[in-house]
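Read the structure below first, then the notes.
Protein chains in written order, with the working numbering: chain D, 1 to 321; chain S, 322 to 642.
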């Protein structure tokens with residue numbers, strides 16, 4: 001076993017302390033975990049692959065660790081769930097400096113601690129050239145109360161948390177060789193999973209459907225509409241465009257509509273329910289309405305309507321537009 | 322999204338049917354799963370990386386699919402648990418033929434069906450050159466009844482299921498360019514996780530400690546002794562050496578002692594308990610005894626004792642001896 005792999009296991013074991021929900025953590029064939037009584041388990045897995053989801057020369061190791069756990073926690077948030085434990089499978093090339101792995105774990109564990117999610121297991125291996133992480137997050141939600149993508153009904157209003165497009169704008173600047181710093185693009189480097197908002201919406205029975213914005217509004221709203229068999233109308237002017245850079249400027253509407261990697265929540269709620277304008281300190285914006293049929297339309301100033309097609313999400317490997 | 326990735330998702334979705342333990346499968350942010358009442362959750366993750374855990378020119382795609390799910394199911398077996406659901410994260414290079422992915426899934430899903438384990442989710446991505454799979458298996462066990470590595474006590478007897486060393490012998494032959502077929506080496510190509518034996522041992526409260534033999538007897542017995550803070554004496558003559566090849570011959574003792582990849586169960590039981598000579602149709606052999614102290618000794622014919630050192634497990638990447 002290469003040194004980096006041994007050190008990784010030692011460090012994971014050292015941080016896994018006795019935790020009431022985890023009778024057995026790292027060091028056995030499986031982790032043993034307690035799901036709270038009356039709850040169902042939630043499970044999500046997310047790859048974070050070098051040159052697909054991050055680049056070693058753009059993202060410090062701590063940022064890679066933070067971002068790959070965010071992806072899993074954000075999926076738990078999107079179900080209205082609470083995270084119970086994380087699992088990290090990490091394959092690194094033999095020649096990777098030990099400091100990279102240490103700093104990766106610093107970022108991963110800092111976010112885990114912030115959300116009180118113990119790292120309860122995983123796997124390690126040597127990879128040929130690239131760094132490969134696969135993160136599993138186990139969570140729970142009261143039985144039958146998970147907020148699915150399939151619950152949106154015609155007439156429901158569409159809401160989004162926070163600001164959109166910051167991730168896409170950061171990516172354009174990185175590809176253009178421009179300076180992108182954690183100060184100017186905090187949510188690109190340190191996206192925060194919206195766990196508290198997801199739980200609030202579930203506890204108050206506000207959301208009829210929910211998804212996290214990892215692939216971009218146009219794609220992810222498409223998923224809600226597909227699963228719920230409905231259409232939607234989105235008001236262009238109401239989209240909260242991220243304010244980024246220095247001097248601070250709002251991103252292009254296109255980036256807010258199609259850019260991924262923002263990890264905000266998109267949800268629908270009955271028009272009879274009162275959705276607060278801020279939840280857990282984060283602004284919540286009304287951006288449209290669910291309709292009958294299958295069309296997803298963007299309504300611009302003056303009432304001009306055009307189809308809002310999913311334009312997907314660019315990975316870090318190369319620029320597709 | 323490349324074609325292979327799209328087809329993979331479509332196929333996974335098509336096979337995920339309504340299952341009582343899985344209210345929500347693929348197609349939402351998380352899978353939602355029901356853990357049986359009074360049970361704890363078991364979770365294990367295992368990488369299967371090309372040229373580390375398998376080779377494309379040695380292992381047909383169905384075999385790779387079968388073997389990568391076996392690793393996870395075998396971990397569930399080693400806790401005395403029952404599998405509930407599997408999750409497959411698969412990254413494949415863009416130029417990989419679609420038939421490879423189809424046949425991989427054939428092997429994976431055939432084993433999943435045999436153990437009634439639905440494929441409930443996962444992730445897909447494009448990898449630069451190698452095929453990378455990370456398999457998660459979620460299982461359950463009655464609360465407080467998981468069989469850990471840490472429960473062995475001095476005086477307990479040591480048992481092993483099935484036969485050992487077949488995996489290592491197959492590997493030597495593959496490295497030597499010799500013919501290795503599923504007929505002559507069935508457990509190398511299609512290892513069977515010992516779920517029924519693990520459950521029997523747990524239900525009858527027979528095992529004090531258990532582990533699956535993925536890294537080899539010398540290494541895995543070392544894990545039980547480390548976690549239980551005990552030593553062990555193993556009788557060389559009692560080790561069930563795999564009979565493989567054609568004409569059928571028993572493998573070298575060295576392969577049975579140190580070779581990995583057999584996915585048999587190694588467990589300890591109080592000397593006051595009766596352990597049947599066969600469980601679920603599989604022979605169970607008494608191979609030694611747990612002792613005080615930390616030494617792990619191999620006792621040969623005539624009483625000659627020597628330390629049984631963990632000699633680890635060779636991966637498919639290269640030969641280390």
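Virtual Cβ for every residue (Gly too), placed ideally from N, Cα, C.
C-beta contact flag for residue i and residue j at 8 Å
| i | j | result |
| --- | --- | --- |
| residue 108 of chain D | residue 69 of chain D | yes |
| residue 283 of chain D | residue 195 of chain D | no |
| residue 134 of chain D | residue 74 of chain D | no |
| residue 553 of chain S | residue 468 of chain S | no |
| residue 511 of chain S | residue 501 of chain S | no |
| residue 365 of chain S | residue 29 of chain D | yes |
| residue 372 of chain D | residue 210 of chain D | The structure shown does not extend to residue 372 of chain D, since chain D spans only 1 to 321, so no value can be given for it. |
| residue 562 of chain S | residue 574 of chain S | yes |
| residue 60 of chain D | residue 103 of chain D | yes |
| residue 136 of chain D | residue 72 of chain D | yes |
| residue 529 of chain S | residue 609 of chain S | no |
| residue 80 of chain D | residue 145 of chain D | yes |
| residue 439 of chain S | residue 346 of chain S | yes |
| residue 361 of chain S | residue 470 of chain S | no |
| residue 234 of chain D | residue 298 of chain D | yes |
| residue 616 of chain S | residue 598 of chain S | no |
Short CB-CB distance (under 8 Å) between residue i and chain S
| i | result |
| --- | --- |
| residue 126 of chain D | yes |
| residue 73 of chain D | no |
| residue 281 of chain D | no |
| residue 78 of chain D | yes |
| residue 310 of chain D | no |
| residue 243 of chain D | no |
Where residue i meets chain S, residues with beta-carbon distance less than 7 Å
| i | result |
| --- | --- |
| residue 87 of chain D | 364, 366 |
| residue 111 of chain D | In chain order: nothing, as chain S lies at least about 18 Å away. |
Interface residues of chain S facing residue i [CB-CB closer than 8 Å]
| i | result |
| --- | --- |
| residue 134 of chain D | 366, 368, 410, 444, 455 |
| residue 34 of chain D | 361, 362, 464 |
| residue 23 of chain D | 361, 465, 467 |
| residue 81 of chain D | 351 |
CB contact below 8 Å: residue i versus chain D
| i | result |
| --- | --- |
| residue 640 of chain S | Note that residue 640 of chain S scores a pLDDT of 38, beneath 50, so its modelled location is shaky and nothing firm can be said. |
| residue 477 of chain S | no |
| residue 548 of chain S | yes |
| residue 495 of chain S | no |
| residue 470 of chain S | yes |
| residue 628 of chain S | no |
Contact test: residue i Cβ vs the ligand FAD heavy atom, cutoff 7 Å
| i | result |
| --- | --- |
| residue 606 of chain S | The ligand FAD is not among the ligands present in this structure, which contains no ligands whatsoever. |
Partner residues on chain S for residue i, Cβ-Cβ distance less than 9 Å
| i | result |
| --- | --- |
| residue 51 of chain D | 449 |
| residue 139 of chain D | 351 |
Proximal chain D residues relative to residue i, where beta-carbon distance stays under 9 Å
| i | result |
| --- | --- |
| residue 537 of chain S | In chain order: nothing, as chain D lies at least about 14 Å away. |
| residue 532 of chain S | 28, 29 |
Proximal residues of chain D, C-beta to C-beta of residue i below 7 Å
| i | result |
| --- | --- |
| residue 590 of chain S | Result: empty, since nearest Cβ-Cβ is about 17 Å, beyond 7 Å. |
Proximity test, Cβ basis, 8 Å: residue i and chain A
| i | result |
| --- | --- |
| residue 571 of chain S | Considering every chain present, this structure includes no chain A. Its protein chains are D and S. |
| said: Pairs of beta-carbons, one from the region 52-72 of chain D and one from the region 102-116 of chain D, closer than 8 Å: are there three or more? | reply: The region 52-72 of chain D, when compared against the region 102-116 of chain D, does touch it at the 8 Å Cβ threshold.
| request: Quick one: which unbroken alpha helix (DSSP H) runs of 4-plus residues sit fully inside the region 569-616 of chain S? Chain order, please. | output: Listed in chain order, they are 574-579.
| Secondary structure, alpha helix (DSSP H): runs of 4+ residues fully inside the region 340-423 of chain S | If we require 4 residues or more, the alpha helix (DSSP H) runs fully inside the region 340-423 of chain S come out as 382-398.
| Counting Cβ pairs closer than 8 Å, one from the region 153-164 of chain D and one from the region 355-369 of chain S, do we hit at least three? | The region 153-164 of chain D is not in contact with the region 355-369 of chain S.
| query | Would you call the region 576-593 of chain S and the region 528-546 of chain S in contact, with 3 or more CB pairs under 8 Å? | reply | The answer is yes - the region 528-546 of chain S touches the region 576-593 of chain S, with three or more Cβ pairs under 8 Å.
| query | So, do the region 505-513 of chain S and the region 562-569 of chain S have three or more beta carbon pairs nearer to each other than 8 Å? | reply | Between the region 505-513 of chain S and the region 562-569 of chain S there are three or more inter-stretch CB-CB distances shorter than 8 Å, so the stretches are counted as touching.
| At least 3 beta-carbon pairs within less than 8 Å: the region 436-443 of chain S vs the region 407-426 of chain S | Between the region 436-443 of chain S and the region 407-426 of chain S, the count of C-beta pairs closer than 8 Å reaches three or more; the two stretches touch.
| Contained alpha helix (DSSP H) runs [length at least 4] in the region 143-185 of chain D, N- to C-terminal order | List check, alpha helix (DSSP H) in window: 166-175.
| Every unbroken alpha helix (DSSP H) within the region 512-579 of chain S, with a cutoff of 4 residues, ordered by chain | Within the region 512-579 of chain S, the complete alpha helix (DSSP H) runs of at least 4 residues are 516-524, 538-549, 574-579.
| Ranges of the alpha helix (DSSP H) found wholly within the region 99-131 of chain D, counting only runs of at least 4 | For the region 99-131 of chain D, not a single whole alpha helix (DSSP H) run of length 4 or above is found.
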